[in-house]
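Plus 108 on top of the position in the sequence shown (first one is 1) and you've got our numbering.
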Amino acid sequence: MNILVTGGAGYIGSHTCIELLDAGFNPIVFDNLSNSSTIALDRVEEITGKKITFIRGDVRDSEALDQVFSQHDIYAVIHFAGLKAVGESVEKPIMYYDNNVSGSITLFASMERNNITRIIFSSSATVYGDPASVPITENFPTSTTNPYGGSKLIIEDVLKNIYVAHQDWNIALLRYFNPVGAHESGLIGEDPSDIPNNLMPYISGVAVGKLDKLSIFGDDYPTADGTGVRDYIHVVDLAKGHVKALQAFENKAVDNLYTVNLGTGKGYSVLEMVEAFKKASGKDIAYQITSRRAGDIACCYADPSYAKELIDWEATKGIQAMCDDTWRWQSNNPLGYK
Ligand code: NAD
Ligand code: UFG
């Protein structure tokens, strides 16, 4: 079965292609390469021994999408394509809404024209804003504090509205917590094009000597050690969640529109992550405590039980594997795919 994977050359998309191939699906990657490299796909082919069809294209290009849907018999779409840097979204809101929201609407319109009715969408725990308590369940209220999160909430709403009009569509809204780690081969991983915004690539950049020292954004949060707590999830576990979500479309007990958290249910602080990475890499991680980063929250972790109940998915990899695999990728590829 062919699966159109928009943004499939990116970090989560490339890992998902491996899991799709292993499960017998045939991923067709559609990506404009704005934040990725085809080398990732070459490596996916090396890992799996299978071929991937790659189409360079933009999800805002309806003609290109119509062409893909008419040339290939597509069973479902997994929609990763999007811009994801929170800070950049505050500076460039129009670019974010154009790429993420206009791109998604162009994609959904092309799906509708071509009778493609199954879609899995990459949403984010950012839609919970600053949660009143943890762990977070799917029925918590949603809110946003930045255009990136705003784009995710709008796209979720558009898909919910599409479902009202087309109840035969199958729509999965997957809310990812904090994806980290890399494939255990060390061949693919996260490759930020600029100075990393996120914690894990920053820590591994310091460990490999590319970056001087980590700034820890605040140690005065109401958490055990004062630093921010997040639900880090291994990208391979996350990738497997997409295969489960696809398979659940065939399960008549699952609603045609569903929303699930993909997280581990465990929270780790910044200092705990630094310690775990030191152990995995054998390197010292220099850091300094600085002021809080605007928009950050103290603590965020999932209640992942609904994903287990509904789509039979749960995370299996712990913090040690997350750090070991990140380090294998980072130390074998200090310059990423370059
Ligand atoms: P990524 O940047 O590595 O992958 C996104 C891919 O989409 C890239 O290959 C990029 O080239 C492509 N792309 C962007 N705009 C496009 C467009 N207009 N047309 C075609 N391709 C386009 O990011 P990722 O970490 O793999 O994230 C994948 C998805 O998951 C994104 O939608 C992101 O918002 C979401 N998400 C990510 C995180 C995270 O922390 N990594 C957390 C929650 C949700
Ligand atoms: N942090 C630092 N120093 C850094 C980077 C991060 O101390 O250099 C801290 C943050 O303050 C936070 C924690 O590390 O406490 C995690 O920060 P990340 O930037 O790695 O992740 P966020 O939780 O802020 O956000 C990420 C993605 C969002 C997504 C969200 C939930 O960037 O897009 O996870 O999925 F919405």
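The beta-carbon is built from N, C-alpha and C at its ideal position, and this holds for glycine as well.
These numbers come from a predicted model, not from an experiment.
G72 CB to nearest heavy atom of the ligand NAD below 6 Å = Given that the chain is displayed from residue 109 to residue 446, the structure contains no residue 72 and the question cannot be resolved.
Cβ-based neighbour list, V288, same chain, cut-off 6 Å, excluding 5 preceding and 5 following | These residues qualify, in order along the chain: M308, Y340, M430.
Sequence-distant residues of the same chain with beta carbon closer than 7 Å to L365, five excluded per side = Beyond the five residues adjoining it in sequence on each side, L365 comes within less than 7 Å, by CB distance, of K268, Y271, I279 in the same chain, given in chain order.
Would you say I397 and D327 are within 7 Å of each other, going by their C-beta atoms?
-> Yes, the Cβ-Cβ distance between I397 and D327 is below 7 Å.
For E154, count neighbouring Cβ atoms within 10 angstroms of its own Cβ and tell me buried if that reaches 16, exposed if not.
-> Burial call: exposed.
What does a CB cutoff of less than 7 Å around L346 pick up in its chain, not counting 5 residues either side in sequence?
-> When the five nearest sequence neighbours on each side are left out, the beta carbons in the same chain lying within less than 7 Å of the beta carbon of L346 are those of I120, Y284, P287, L370, in order along the chain.
Is D339 near the ligand UFG, with its Cβ less than 6 Å from a heavy atom?
-> Residue side-chain check: D339 keeps its Cβ at 6 Å or more from all non-hydrogen atoms of the ligand UFG.
Counting Cβ pairs closer than 8 Å, one from the region 245-265 and one from the region 403-417, do we hit at least three?
-> These segments touch.
Give me the Cα-Cα distance between N222 and S230, rounded to the nearest whole angstrom.
-> Distance between the alpha carbons of N222 and S230: 22 Å.
Under a Cβ-count criterion, where at least 16 other Cβ atoms within 10 Å of its own Cβ denotes burial, should Y132 be classed as buried or exposed?
-> Residue identity check: residue 132 is Gly in the sequence provided, not Tyr. Within 10 angstroms of the beta-carbon of G132 lie fewer than 16 other beta-carbons, which makes it exposed.
Distance CB(S259)-CB(G237) smaller than 7 Å = It is not a contact, given that the beta carbons lie outside the stated cut-off.
Backbone secondary structure at R151 - three-state DSSP = Here R151 sits in helix by DSSP.
With C-beta atoms as the reference, is F138 less than 7 Å away from I111?
-> Cβ distance not < 7 Å, so F138 and I111 don't count as in contact.
Relative to the alpha-carbon of H187, which residue among K200, V198, V167 has its alpha-carbon at the smallest distance?
-> Looking at the Cα atoms, V167 is the closest of the given residues.
Looking at the structure shown, is I427 part of a helix, part of a strand, or coil, going by DSSP?
-> The answer is helix: DSSP assigns I427 an H, G or I state.
Who does E342 pair with in a DSSP beta bridge?
-> According to the sequence displayed, residue 342 carries His and not Glu. Answer is V288.
Where the beta strand (DSSP E) through P201 begins and ends = That residue, P201, is in no beta strand (DSSP E); its alpha helix (DSSP H) goes 201-204.
Whose C-alpha, out of A384, P304, L282, K391, is nearest the C-alpha of W421?
-> Among A384, P304, L282, K391, the Cα nearest to that of W421 belongs to L282.
With distances taken from CA atoms, which of Q179, Y256, D150, M219 is nearest V209?
-> Selected option, being the one with the closest Cα: Y256.
Check whether the Cβ of T234 sits closer than 6 Å to any heavy atom of the ligand UFG, and report yes or no.
-> T234 Cβ: within cutoff of the ligand UFG.
Using DSSP bridges, identify the partner residues of D139.
-> According to DSSP, residue pairing for D139 in a beta bridge involves R164.
Do the CB positions of G336 and D433 come within less than 7 Å of each other?
-> No.
Coil, strand or helix - R401 by DSSP = It is coil, neither helix nor strand.
Hey, is Y284 close to the ligand UFG, as in C-beta under 6 Å from one of its heavy atoms?
-> Y284: yes, Cβ under 6 Å from the ligand UFG.
Assign S301 to one of three DSSP states: helix, strand, or coil.
-> Coil at S301, not helix or strand.
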